[in-house]
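Enquirer:
Numbering (the working numbering), first residue to last: 467 to 684.
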């Protein structure tokens with residue numbers, strides 16, 4: 467427990483020339499304040515993986531990353547005021563202790579020490595988040611869940627994480643925005659049977675999505 471003091475000297479007079487000097491000492495005793503966390507954001511293109519690793523306290527806060535490759539940062543940014551512990555002593559450290567999908571039916575889960583070794587996984591609506599206590603995380607967009615997104619469209623997964631300094635806790639959101647991309651068409655081998663002098667036309671893919679047509683004339 468830390469303490470600090472303010473000392474004030476004052477002079478008292480009886481109005482007849484008699485004076486004396488006194489001292490007022492104020493001691494301020496510190497209490498354990500909860501760490502301060504701000505919401506974090508990440509941006510990823512569908513079908514890609516966004517990696518944010520604990521690296522020299524780099525920050526993800528306030529930035530958007532286009533996940534065509536790997537990006538470095540840290541959901542715990544101790545280099546600025548976004549994630550701080552104002553009364554931390556020399557041995558205190560910030561860590562992520564629990565996480566859950568915002569609005570999801572799943573319960574809050576405890577976070578393991580590092581995402582690099584059996585990190586904690588939380589399944590979102592559009593991908594899977596793997597996170598460690600040091601703030602490092604990887605988010606992999608699920609192809610099946612994001613294929614319906616066209617270019618210019620987006621979807622979000624929001625996770626609620628708990629930040630602790632070892633005594634007090636606070637919570638914040640990690641929001642991942644998944645950007646739609648122009649997916650290449652998938653071609654499969656087709657077969658058809660036609661009688662001589664007839665026309666065979668195939669014009670539907672059966673699920674209402676964009677499709678190609680082909681015709682055979684004999």
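Just so you know, even glycine gets a beta-carbon here, dropped at the ideal spot from N, CA and C.
Roughly how many whole angstroms lie between the Cα atoms of residue 598 and residue 626?
Expert: Spanning the two alpha carbons is a distance of roughly 14 angstroms.
Enquirer: Does the distance from the C-beta atom of residue 577 to that of residue 562 stay below 7 angstroms?
Expert: Yes, Cβ-Cβ distance for residue 577 and residue 562 is below 7 angstroms.
Enquirer: The alpha helix (DSSP H) spanning residue 663 covers which residue range?
Expert: Counting along the chain, residue 663 falls outside any alpha helix (DSSP H), and DSSP gives it neither H nor E.
Enquirer: Of all the options 566, 654, 665, which has the alpha carbon lying nearest to the alpha carbon of residue 639?
Expert: Selected option, being the one with the closest Cα: 566.
Enquirer: So who's on the other strand from residue 431, going by DSSP bridges?
Expert: The shown model of the chain, from 467 to 684, leaves out residue 431, and the question about it has no answer.
Enquirer: Name the DSSP beta bridge partners of residue 686, please?
Expert: Nothing about residue 686 can be read from this structure; the chain reaches only from 467 to 684.
Enquirer: Going by beta carbon distance, what residues of the same chain come within less than 8 angstroms of residue 569, once the five residues before and after it are set aside?
Expert: For residue 569, where only same-chain residues beyond five positions count, the Cβ hits under 8 angstroms are 624.
Enquirer: So residue 593 and residue 605 are in contact, right, with Cβ under 8 angstroms, and what is the actual spacing, rounded?
Expert: The Cβ separation is near 6 angstroms, so the contact holds.
Enquirer: Helix, strand or coil: which one does DSSP assign to residue 486?
Expert: In the structure shown, residue 486 sits in a strand (DSSP, three-state: E or B).
Enquirer: Alpha carbon to alpha carbon, how far is residue 469 from residue 573?
Expert: Rounded to the nearest angstrom, the two C-alpha atoms are 40 angstroms apart.
Enquirer: Are the Cβ atoms of residue 644 and residue 607 separated by less than 7 angstroms?
Expert: Closer than 7 angstroms, so yes.
Enquirer: Could you pull the start and end residues of the beta strand (DSSP E) that residue 607 belongs to?
Expert: First-last of the beta strand (DSSP E) with residue 607: 603–607.
Enquirer: Mark residue 653 as exposed unless 16 or more other C-beta atoms lie within 10 angstroms of its C-beta, in which case mark it buried.
Expert: Exposed, since its Cβ has fewer than 16 Cβ neighbours within 10 Å.
Enquirer: Given this structure, state the Cα-to-Cα distance separating residue 642 from residue 655, to the nearest angstrom.
Expert: Straight-line Cα distance between these residues: approximately 37 angstroms.
Enquirer: Using the Cα positions of residue 591 and residue 620, report the straight-line distance between them to the nearest angstrom.
Expert: Looking at the two C-alpha atoms, the distance is approximately 13 angstroms.
Enquirer: Mind checking residue 650: buried by the 16 CB within 10 Å criterion, or exposed?
Expert: By the neighbour-count rule (16 or more Cβ atoms within 10 Å), residue 650 is not buried but exposed.
Enquirer: Using beta-carbon positions only, say whether residue 474 and residue 490 come within less than 7 angstroms of one another.
Expert: Yes, these two residues count as a Cβ contact at 7 angstroms.
Enquirer: Quick one: Cα of residue 632 to Cα of residue 611, how far?
Expert: Between residue 632 and residue 611, the C-alpha separation is close to 37 angstroms.
Enquirer: Which value, in whole angstroms, describes the spacing of the CA atoms of residue 629 and residue 600?
Expert: Looking at the two C-alpha atoms, the distance is approximately 10 angstroms.
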